[in-house]
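Below is one structure, written out as structure tokens; comments come after it.
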Amino acid sequence: MKILHFRKNEAKLVVENIDDLWQLSTIIDSGDTLKGKTFRKIKLGTAEERSQKITKKPVFLRIGIEKVEFHRYSDILRVSGKVLEGKEDIPKGSYHTFNVEAGTAITLIKPEWLKYQRQKLEEAAKEKKTDTLICVFDREEAYIALMKKYGFDILTELKGDIAKKAEVSQPVKNFYEEIIKTMQEYVKRHNIKHVILASPAFWKEELLKNLKDDELKQKMTLATCSSCDKSAINEVLKRPEVQTVLQQDRIAAEMNIVEDLLSEISKQGAAAYGVDETGTAVQAGAAKALLVTDNLIQKTRQEDKFEKINRIMKTADKIGATIHIISSDHEGGKKLDGLGGIAAILRYKMNY
């Protein structure tokens, strides 16, 4: 993300990738103002004419935000609200939706910028494209994924041609070659610096015997997983050897903070979870770190129940607690969702 300027309560931004869209989806609130160039559907011809042509016209608008929707796999952030300012032919009070995507320039105005919101923008401006590829496989199938700040994207699924036991050697060797070739293509396409290669049993060592590409081999970290499916990627991310590689990556940090929370909960220590318990702890000034999933933020916005969550986050910001927005895409986020989507690590143990 590029920050073109940040003056008073106004930030002018240029979105660069899907990770920026995710960051913005957790920052933009109902009641904020958005302005920028957008496209508006315009009807050509009179109402009496049978066939009116509809065209999209570029316009500059300012809207009062009422709704924010982010669909990870569409690469678009939809921000909707009432028009506050625009051309004469666009009536004030009518509704419009900005489709924010990579390359979009917007100006976001907030009544108040919380400390964590400014920090998230600054982090997004500093962070570079993720450069880690993960491959989990066995002799029957392989999943290759690209790490993202909000989780990971499955790039491809490969299926091996399994023959009878007596004939298994050649088909497996051919499958290894297919996996290697596919990884080489993605390493080149995404400028990958780290490759996590994981499998049950000895399959990863067998694949390495077929790998002649020394440059690719130097990028690899080996890990073990108990199975080969999409869930195995979450398992691999928790491995200590993988954590070392990903220690600068956001998802690893998110999973670590969730594990710290779960450790406190397991020993009935300094932790609170659920909206009511967490709200009480924050109000008492006891919260050291507040954890909120993006799923809870999106869900409560859709149900018009976000105000309570927002109040907790604002109070946490004012008492100096660090605020972590946790992606629900990975296992850590799913565990936090299971606790109500919101929790806090406390400065001291509280009795409820």
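Going by the working numbering, the sequence shown opens with residue 2, and the numbers climb by one from there. In this text, a Cβ means the ideal position worked out from N, Cα and C, and glycines have one as well. Quantities reported herein were computed from a predicted structural model and do not represent experimental measurements.
Would you kindly work out how many angstroms separate the C-alpha atoms of residue i and residue j, rounded to a whole number?
i	j	result
L340	G286	21 Å
Y187	I193	8 Å
D266	M314	Contrary to the premise, residue 266 reads as Ile rather than Asp in this sequence. If I take the Cα positions, the gap works out to 21 Å.
G280	I298	15 Å
I181	L223	14 Å
N100	G342	27 Å
T39	R119	25 Å
R41	Y96	10 Å
K336	V259	8 Å
M184	E124	29 Å
M148	E113	33 Å
L22	F307	19 Å
S227	N235	11 Å
By DSSP, does residue i sit in helix, in strand, or in coil?
i	result
S200	strand
E17	coil
N175	helix
Y117	helix
T294	strand
L62	strand
L95	Per the sequence shown, residue 95 should be read as Ser rather than Leu. DSSP places S95 in coil when its eight states are reduced to three.
T27	helix
T183	helix
A126	helix
R41	strand
D354	Past the boundaries of the shown model lies residue 354; the chain is included only from 2 to 353, so the question cannot be answered.
L22	helix
R190	helix
K9	coil
L337	helix
By the 10 Å Cβ neighbour count, where 16 or more other Cβ atoms means buried, how is residue i classified, buried or exposed?
i	result
K166	With a pLDDT of 45 at K166, under the threshold of 50, the modelled position of this residue cannot be trusted; read the value that follows with caution. It counts as exposed.
S200	buried
S264	exposed
F1	Within the shown structure, residues of the chain are numbered from 2 to 353, placing residue 1 beyond reach of any answer.
D20	buried
S26	buried
I155	exposed
Q24	buried
E255	buried
Y177	buried
Cα-Cα, which of the options is closest to residue i?
i	options	result
A322	A290, A344, G334, G342	A290
G152	E124, K231, Y96, L115	K231
A106	V15, K300, E308, L208	V15
K373	E304, I66, R140, G87	Examination of residue 373 is not possible in this model, given that the chain is present from 2 through 353 alone.
Would a check of beta-carbon distances place residue i closer than 8 Å to chain B?
i	result
I327	Absent here is chain B; the protein component of the structure consists of one chain.
>> Please give me, in chain order, every unbroken run of the alpha helix (DSSP H) with length at least 4 that falls completely inside the stretch 203–285.
In response: 204–210, 215–219, 232–238, 241–246, 251–267, 276–284
>> Restricting to runs no shorter than 3 residues, where is the beta strand (DSSP E) found entirely within the stretch 293–327?
In response: 323–327
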